Amino acid sequence: MNIHYFAWMREQIGKSVETETPPAHIDNIDDLLDWLADLSPAHAEALTDRTVIGVAVNKEFVEPGAKLETGDEIALFPPMTGG
Amino acid sequence: MNIHYFAWMREQIGKSVETETPPAHIDNIDDLLDWLADLSPAHAEALTDRTVIGVAVNKEFVEPGAKLETGDEIALFPPMTGG
Amino acid sequence: MIRVQAEDFDLGAEMDALTGSRKDIGAVVNFIGKVRDLDDGALSAMTLEHYPGMTEKMLADIEAQANTRWELQETLIIHRYGRLEPGEQIVLVITASAHRQSAFEACAFLMDWLKTKAPFWKLEESDKGRSWVEAKQADNDAADRWQEPGS
Amino acid sequence: MIRVQAEDFDLGAEMDALTGSRKDIGAVVNFIGKVRDLDDGALSAMTLEHYPGMTEKMLADIEAQANTRWELQETLIIHRYGRLEPGEQIVLVITASAHRQSAFEACAFLMDWLKTKAPFWKLEESDKGRSWVEAKQADNDAADRWQEPGS
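So the protein sequences, as listed, match chains A, B, C and D. According to my numbering, the first sequence is numbered sequentially starting from 1. According to my numbering, the second sequence is numbered sequentially starting from 84. According to my numbering, the third sequence is numbered sequentially starting from 167. According to my numbering, the fourth sequence is numbered sequentially starting from 318.
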């Protein structure tokens with residue numbers, strides 16, 4: 001599962017994408033974020049305030065409870081500031 | 084007193100500007116329009132529906148009851164369609 | 167800045183002149199009005215008549231009013247007169263501001279005003295003959311929404 | 318039409334390409350967003366990061382939505398990414414319609430949406446250091462006003 005990070009999340013975690021294989025019981029976004037937060041202190045810090053984190057699965061926005069499938073492309077990012 | 088006409092008023096009256104000297108008791112726009120309507124059948128026709136006629140005195144919009152001064156520049160026109 | 171002219175204008179050049187060297191402008195809104203041929207090929211031309219002297223005065227007034235109501239860094243109004251063909255540009259309004267909301271509102275305000283209060287009259291020549299464009303109630307309603315309380 | 322690109326764009330050329338040969342377009346509204354240096358000389362650059370693939374998909378979606386909600390003849394969204402300096406252009410939205418109201422509303426709608434829902438992030442470098450631009454509540458509020466009942 002490829003996980004993309006953007007903006008300050010990318011900077012805090014220190015990479016723009018990582019490939020992880022969470023255990024099979026991690027089947028939704030909420031659980032995935034909990035699991036990612038345990039990977040390193042940097043992950044924990046980047047994931048501290050979940051209320052500001054946006055999530056996309058396969059390049060579509062999803063809500064925190066959304067289900068995951070094997071091979072999904074995940075993206076985590078702070079609030080967008082385009083335009 | 085110079086009186087300018089625009090758009091279909093100009094076409095109906097047949098000139099874009101005319102110089103007239105109304106009698107001294109004609110001291111407001113309403114009276115001026117009545118007096119102009121008597122000048123010719125074309126004037127009468129152009130001035131039939133007063134509700135659609137806009138008036139400017141010295142290049143400022145005025146209401147029908149507005150007072151006139153000697154030497155004022157008058158303009159009469161249908162509703163504007165700029166932009 | 168206002169200009170009343172027979173000549174066409176160049177949007178890119180006007181934008182460059184107005185905002186090109188500025189570093190403090192965040193949002194620029196432009197409106198361009200064009201001669202529209204609603205019924206393919208029916209309209210041959212539109213001739214804009216105006217009241218020289220009054221037009222410039224009124225345009226300068228409304229531009230000043232927009233600058234009072236919104237915080238704008240630059241404004242430009244160009245309105246053409248004379249004979250124009252379908253597809254030609256009639257009017258350009260540019261509003262530049264630090265914030266997009268002000269730029270959008272001021273531009274819409276200026277256009278609503280131009281439609282109803284600027285001394286221009288449009289004559290259309292089409293395959294059905296020549297006719298003066300009539301004022302639209304919708305344009306009056308659009309202009310009325312900017313009326314300030316008590317005015 | 319949408320484009321996500323590092324290169325600058327030329328407003329005049331984009332307008333010509335979109336509406337130049339058309340005779341049925343009455344109203345064109347453009348929005349241009351620029352890098353703004355609020356505090357003269359303080360900002361040295363703004364770098365726009367985005368999510369390639371998702372950006373294009375989201376922009377195409379919102380453009381389609383604007384075309385469903387308003388009667389538009391042409392729309393164009395160009396959004397840049399990469400390192401930009403104060404005064405440089407970031408974004409261009411063009412909406413062309415038979416009627417000015419539709420063109421104004423659709424352009425404002427697209428801009429409000431881009432501010433809050435397009436996957437872009439802005440990093441500012443100034444004499445005070447580097448910092449990620451924070452989302453503004455005012456932008457969320459602006460986007461919310463377009464929410465359709467039941468959605």
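All C-beta atoms, glycine included, are put in the ideal place defined by N, C-alpha and C. None of the values given here were measured: they were computed from a predicted structure.
Determine the burial state of V17 of chain A: buried for a count of at least 16 other Cβ atoms within 10 Å of its Cβ, exposed for fewer.
-> Here V17 of chain A is exposed. Its C-beta has fewer than 16 other C-beta atoms within 10 Å.
Going straight from the alpha carbon of V450 of chain D to that of D182 of chain C, what length do you get?
-> Here the C-alpha atom of V450 of chain D lies approximately 27 Å from the C-alpha atom of D182 of chain C.
DSSP-derived helix/strand/coil call for H25 of chain A = Looking at H25 of chain A - three-state DSSP - the assignment turns out to be coil, as it is neither helix nor strand.
Per DSSP, the bridge partner or partners of A139 of chain B | The partner list for A139 of chain B (beta bridge, DSSP) reads B:F144 and B:A158.
For K434 of chain D, three-class secondary structure by DSSP | Collapsing the DSSP output to three states places K434 of chain D in a helix.
How would you call N196 of chain C, buried or exposed, if buried means at least 16 neighbouring beta carbons within 10 angstroms?
-> The residue is buried, with at least 16 neighbouring Cβ atoms inside 10 Å.
Who are the near neighbours of T19 of chain A in its chain, counting only those whose CB is closer than 6 Å to its CB and skipping five residues on each side?
-> When the five nearest sequence neighbours on each side are left out, the beta carbons in the same chain lying within less than 6 Å of the beta carbon of T19 of chain A are those of N2, in order along the chain.
Through-space distance from D132 of chain B to P147 of chain B, alpha-carbon basis = Cα to Cα, P147 of chain B sits roughly 13 Å from D132 of chain B.
Residues in the stretch 203-223 of chain C having any Cβ partner in chain B nearer than 7 Å | Within the stretch 203-223 of chain C, the residues whose Cβ lies closer than 7 Å to some Cβ of chain B are E215, Y217, G219, M220 and K223, listed in chain order.
Residue environment, A232 of chain C, which counts as buried when at least 16 other CB atoms sit within 10 Å | Looking at its Cβ environment, which holds 16 or more other Cβ atoms inside 10 Å, A232 of chain C is buried.
Pull up the distance between the alpha-carbon of A129 of chain B and that of D307 of chain C, whole angstroms please.
-> Roughly 26 Å between the two C-alpha positions.
Compare the C-beta of A399 of chain D against all C-beta atoms of chain A and say whether one is closer than 7 Å.
-> Looking at the sequence shown, residue 399 of chain D is not Ala but Gly. Cβ-Cβ to chain A under 7 Å: no for G399 of chain D.
List, in order along the chain, the chain C residues whose C-beta lies closer than 7 Å to that of I342 of chain D?
-> Within chain C, the residues whose beta carbon sits less than 7 Å from that of I342 of chain D are K200 and R202, listed in sequence order.
Going by DSSP, which residues form a beta bridge with E441 of chain D?
-> Per DSSP, D:M363 and D:S448.
Opposing strand residues paired with V257 of chain C [DSSP bridges] = In the DSSP output, where bridge partners are listed per residue, V257 of chain C has C:G199 and C:H245.
Rounded to whole angstroms, how far is the Cβ of I191 of chain C from the Cβ of K453 of chain D, which I believe are closer than 8 Å?
-> With a contact defined as Cβ atoms closer than 8 Å, I191 of chain C and K453 of chain D miss out at about 18 Å.
Could you tell me if Q322 of chain D is buried or exposed, where buried requires 16 or more neighbouring beta carbons within 10 angstroms of its beta carbon?
-> Counting Cβ neighbours within 10 Å, Q322 of chain D comes out exposed, since fewer than 16 surround it.
Look at D110 of chain B and L151 of chain B and say whether their C-beta atoms are less than 7 Å apart.
-> For the pair D110 of chain B and L151 of chain B, the CB atoms are nearer than the 7 Å cut-off.
Do we get a CB-CB distance below 7 Å when we pair V408 of chain D with the residues of chain A?
-> Among the CB atoms of chain A, one or more fall inside 7 Å of the CB of V408 of chain D.
Cβ shell of H416 of chain D (< 8 Å), same chain only, five flanking positions each side left out = In its chain, beyond the 5 residues on either side, G343, A344 and E388 have a beta carbon closer than 8 Å to the beta carbon of H416 of chain D.
Mind checking if R169 of chain C is an interface residue toward chain D, Cβ cutoff 7 Å exclusive?
-> So no, R169 of chain C is outside the interface.
When D:D461, D:E442 and D:P466 are compared against T364 of chain D, the one with the closest alpha-carbon | The residue with the shortest Cα to Cα distance from T364 of chain D is D:E442.
In this structure, does DSSP put H87 of chain B in helix, strand or coil?
-> Here H87 of chain B sits in strand by DSSP.
Mind pulling the chain D residues with CB within less than 7 Å of L177 of chain C?
-> Near L177 of chain C (Cβ distances below 7 Å), the residues of chain D are L328, G329 and M332.
Near T153 of chain B, which residues of its chain fall below 8 Å by C-beta distance, leaving aside the five closest residues on each side in sequence?
-> Cβ within range, chain order: M84.
Cβ of F286 of chain C within 7 Å of any chain B Cβ | Interface residue, yes.
Starting from L431 of chain D, find everything on chain A with Cβ-Cβ shorter than 8 Å and list it in chain order.
-> Within 8 Å Cβ-Cβ: G82 and G83.
Roughly how many angstroms lie between the CA atoms of K439 of chain D and Y398 of chain D, to the nearest whole one?
-> In a straight line, the C-alpha of K439 of chain D is about 9 Å away from that of Y398 of chain D.
Hey, is P23 of chain A's beta-carbon within less than 7 Å of any beta-carbon in chain D?
-> Not one chain D Cβ lies under 7 Å of P23 of chain A.
Selected residue, minimal CA-CA separation from G82 of chain A, among D:K445, D:L409, D:Q464 and D:G329 | G82 of chain A has its Cα closest to that of D:L409, out of D:K445, D:L409, D:Q464 and D:G329.
Counting only beta-carbon atoms, is K98 of chain B nearer than 7 Å to chain C?
-> With 7 Å as the cut-off, K98 of chain B does not count as an interface residue toward chain C.
Minimum Cβ-Cβ distance from K226 of chain C to chain B less than 7 Å = For clarity, residue 226 of chain C is Ala in the given sequence; the question names Lys instead. False, the Cβ-Cβ gap to chain B never drops below 7 Å.
Listed by chain order, chain B residues near N265 of chain C by CB distance under 8 Å | The sequence shown places His at residue 265 of chain C, rather than the Asn named in the question. Within 8 Å Cβ-Cβ: nothing; H265 of chain C doesn't reach chain B, min ~24 Å.
Check whether Q239 of chain C and S268 of chain C have beta carbons under 7 Å apart = Cβ distance not < 7 Å, so Q239 of chain C and S268 of chain C don't count as in contact.
By how many angstroms is the C-alpha of W463 of chain D removed from the C-alpha of F426 of chain D?
-> Each residue's alpha carbon lies about 7 Å from the other.
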